[in-house]
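Visitor: Structure in structure tokens, see below.
There are 2 protein chains.
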Amino acid sequence: MPSRQKTKTRREKLENREEAIIESARAILNEKGFSKTTMAEIARAAGVADGTVYIYFKNKEDLARAVLAQFYDKLTETAQTGVDKRSGSIAKLKFLARHHMSRVMDNWRILEMLPLIDMKMDSYEGSDLYKLNRAYVAVFDRVAERAHEEGLIGSGTPLWVLRDMFFGSMDYGARTMLLIRQDDNINWFVDNLISTLFGRVEPSDKRRADVVDRLEAIADRLEDKL
Amino acid sequence: MPSRQKTKTRREKLENREEAIIESARAILNEKGFSKTTMAEIARAAGVADGTVYIYFKNKEDLARAVLAQFYDKLTETAQTGVDKRSGSIAKLKFLARHHMSRVMDNWRILEMLPLIDMKMDSYEGSDLYKLNRAYVAVFDRVAERAHEEGLIGSGTPLWVLRDMFFGSMDYGARTMLLIRQDDNINWFVDNLISTLFGRVEPSDKRRADVVDRLEAIADRLEDKL
DNA sequence: CCTGTAAATGAATATTCTTCAATTTTAGTG
DNA sequence: CACTAAAATTGAAGAATATTCATTTACAGG
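Just so you know, the sequences run in chain order C and X. First residue of the first sequence: 1, per our numbering; consecutive thereafter. First residue of the second sequence: 1, per our numbering; consecutive thereafter.
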């Protein structure tokens, strides 16, 4: 049956076209921002007529949503892959932070569309974008839970607060770094962030912990003697 | 000389009109957001013709900038006043946090215009809005420096990182609270935020204290024996 | 009261999103 | 291969809205 073949080819062609439109939109939106980007320009870059874009996407917002969805999808994948490669909760968290910050800084014009587009307040939960966002932060949640089990995080602070602090600090930090302190490097920020949020695993602390271990051993021996 | 009188009256009238336009814009922008708000609607609400708005403001962005500027101006004043009323660095910081969060949550549609409008990358430093933003965060900086002098903050983390974490966590937290956990209260978030950022009593510290207790007890008994 | 300047107006213009009637392409069929 | 119905595409027209500007109105100073 060649019909299936042909159908598949056709579908593929459509998907390619959709891909091309999203890719053109992504590039232009990230360069100019939402309001300065015109549908005509996107259509031209994708090699289609103005009206064609509206066959694939309901309107400009919907297209921007698709761009954001693709962004989150890729972001989650590279984040998870990178986390899996590292060993040790702190190393995983630091990777996640560096990864997030560099992506935010490279794509801030894409990300700044989020509140603009998605803050509908009604339809947000249940939306594709919401689910993709959940999937992304879940990468953090798993690592943070693991770190908690290992005793690296004081149990006083709820996970969702830590999560908001983790991502909020970085989103804000990325913005000030872009605007003002362009030359400061990401690593410094990330190290400070992680050590503030998660039980300060600095060298000095490790040494202090060792000292405490030794003192406990001494206490044990002295108590035996007494 | 009645001329001065009359001139003053006229100038006052103009300033009142400018005020009226800003106030109408503020109300409508905070209700509908930037893109859904039309200049015609603002003009109507302010009781002027469409063209009149453009005598006072170059364009829609410029008007939105004026609204943001007024917002930051008021925000800084109420923040400083509130801080002055409290005593103790932690109380001041908690007030500042609660104050910030409630204002953000009440005015998020105004605030979400910030990246839209001001992320010019070139003209930002030196702009009015930048100066007002600096003035606002300076309120935090003064309190944090004081807290640092009092030993409430570990000196490891630079002030600018703490500042980004402070405001970033809240901006992000406010958004998730608006979108998802509407019923959770601000105080819980703020308490967790402050205790994570400032003067955290970690598990390791508790353990250290326990060991000291044991050793002191042992020392007492040894002294008795000798 | 008169006059020149500043302020205000709103109809006209310009830009850009979105729709849709007409056209082209494609898949399936005899 | 020719034909047909459905799907996809086109680009010009329509609609919404920001912005301009020629004209009118209000006012301060004489």
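By construction, the Cβ of each residue, glycine as well, lies at the ideal position given by its N, Cα and C atoms.
1. Please list, in chain order, the chain X residues whose beta carbon lies closer than 7 Å to that of F231/C.
2. Chain C partners of V143/X, CB-CB under 7 Å?
3. Look at the alpha carbon of W160/X and the alpha carbon of G168/X, and state the distance between them as a whole number of angstroms.
4. Tell me, please, whether the stretch 65-81 of chain C touches the stretch 173-193 of chain C by the rule of three or more beta-carbon pairs shorter than 8 Å.
5. Identify whether K131/X lies in helix, strand or coil by the three-state DSSP scheme.
6. Could you check the C-alpha separation between D106/C and D141/C for me, to the nearest Å?
7. Leaving out five residues before and five after T7/C in sequence, what residues of the same chain have Cβ atoms less than 8 Å from its Cβ?
8. Less than 9 Å between CB atoms is the rule here; does R65/X satisfy it with respect to chain C?
9. Indicate the three-state DSSP secondary structure (helix, strand or coil) for A64/C in the structure shown.
10. Kindly indicate if chain C contains any beta-carbon less than 9 Å away from that of V237/X.
11. If you run the structure through DSSP and keep just helix, strand and coil, what is G33/X?
12. For the alpha helix (DSSP H) that K58/X lies in, which residues bound it at each end?
13. Got a sec: is the Cβ-Cβ distance from Y124/X to anything in chain C below 9 Å?
14. Restricting to Cα atoms, I'd like to know which of A144/X, E19/X, N187/X and V190/X is closest to L162/X.
15. From K92/X to G82/X, what does the alpha carbon distance come to, in whole angstroms?
16. Would you kindly report the start and end of the unbroken alpha helix (DSSP H) that includes F189/X?
17. Would you mind giving the Cβ-Cβ distance between A20/C and A43/C, rounded to the nearest angstrom? I have them listed as a contact below 8 Å.
18. Between S87/X and chain C, is any beta-carbon pair separated by less than 9 Å?
19. Got a sec? Which residues, its chain only, sit under 8 Å from V104/X by beta carbon, not counting five neighbours each side?
20. Please state whether DSSP places P158/X in a helix, a strand or coil.
21. Distance, Cα to Cα, I28/X vs G156/X?
22. So with CB distances below 7 Å, who are the chain C contacts of T38/X?
23. Would you say I180/X lies against chain C (beta-carbon separation less than 9 Å)?
24. Rounded to whole angstroms, what is the Cα-Cα separation between E149/X and Y130/X?
25. When burial is assigned at 16 or more other CB atoms within 10 Å of the CB, is R229/X buried or exposed?
26. Applying the criterion that 16 or more other CB atoms from any shown protein chain within 10 Å of the CB defines a buried residue, is N192/C buried or exposed?
27. Hey, would you say I117/X sits closer than 9 Å to F57/X, going by beta carbons?
28. What is the DSSP secondary structure of T81/C, reduced to helix, strand or coil?
29. Chain C beta carbons: is any one of them nearer than 9 Å to that of F57/X?
30. Step through the CB atoms of chain C and report whether any lies within less than 9 Å of the CB of V211/X.
31. Could you give the DSSP three-state label for N16/C: helix, strand or coil?
32. Rounded to whole angstroms, how far is the Cβ of L96/C from the Cβ of L68/C, which I believe are closer than 8 Å?
33. Specify, as a first and last residue, the run of the alpha helix (DSSP H) that V104/C falls within.
34. Would you grab the beta carbon distance between D50/C and A64/C for me? Rounded to a whole angstrom, and I think it's under 8 Å.
Guide: Result, derived from the coordinates:
1. What the structure shows of chain C is the stretch from 1 to 226, and residue 231/C is not part of that stretch, so it cannot be assessed.
2. Residues of chain C passing the Cβ test: none, with the nearest at roughly 17 Å.
3. Each residue's Cα considered, the two are about 12 Å apart.
4. The stretch 65-81 of chain C vs the stretch 173-193 of chain C: no contact.
5. For K131/X, the three-state secondary structure derived from DSSP is helix.
6. Cα to Cα, D106/C sits roughly 24 Å from D141/C.
7. Because the pLDDT of T7/C is 49, which lies under 50, any placement of that residue in the model is unreliable, and the number read from its coordinates should be weighed accordingly. The beta carbon of T7/C lies closer than 8 Å to none in the same chain, with the five residues before and after it left out.
8. In terms of beta-carbon proximity, R65/X stays away from the interface with chain C, with every pair separated by 9 Å or more.
9. Helix.
10. Coverage of chain X is limited to positions 1 through 226, which leaves residue 237/X absent and any answer about it impossible.
11. DSSP places G33/X in the coil class of the three-state scheme, outside both helix and strand.
12. In this chain, K58/X is not harboured by any alpha helix (DSSP H), its DSSP state being neither H nor E.
13. Closer than 9 Å to some Cβ of chain C, the Cβ of Y124/X qualifies, so yes.
14. With distances taken between CA atoms, L162/X lies nearest to A144/X out of A144/X, E19/X, N187/X and V190/X.
15. C-alpha separation (whole angstroms): 8 Å.
16. Secondary structure note for F189/X: its alpha helix (DSSP H) is the uninterrupted segment I186 to L197.
17. Contact between A20/C and A43/C fails: their C-beta atoms lie close to 10 Å from each other, not under 8 Å.
18. S87/X does not count as touching chain C.
19. When the five nearest sequence neighbours on each side are left out, the beta carbons in the same chain lying within less than 8 Å of the beta carbon of V104/X are those of L111, M170, D171 and A174, in order along the chain.
20. Three-state DSSP puts P158/X in coil, outside helix and strand.
21. Whole-angstrom Cα-Cα distance: 45 Å.
22. Within chain C, no C-beta atom comes less than 7 Å from the C-beta of T38/X; the nearest is roughly 14 Å away.
23. Yes, I180/X lies at the interface with chain C (some Cβ there is under 9 Å from its Cβ).
24. If I take the Cα positions, the gap works out to 28 Å.
25. Beyond the ends of chain X as shown, which are 1 and 226, falls residue 229/X; an answer cannot be given.
26. Buried, because 16 or more other Cβ atoms sit within 10 Å of the Cβ of N192/C.
27. No; because the gap between Cβ atoms is not below 9 Å, this pair is not in contact.
28. Helix.
29. Interface with chain C (9 Å Cβ-Cβ cutoff): F57/X is excluded.
30. Interface criterion met: the Cβ of V211/X is under 9 Å from a Cβ in chain C.
31. In the three-state reduction of the DSSP assignment, N16/C falls in the helix class.
32. The C-beta separation of L96/C from L68/C comes to about 20 Å, leaving the pair out of contact by the 8 Å criterion.
33. If you look at V104/C, you'll find it in the alpha helix (DSSP H) that goes S89 to D106.
34. That belief does not hold up - the Cβ atoms of D50/C and A64/C are roughly 17 Å apart, past 8 Å.
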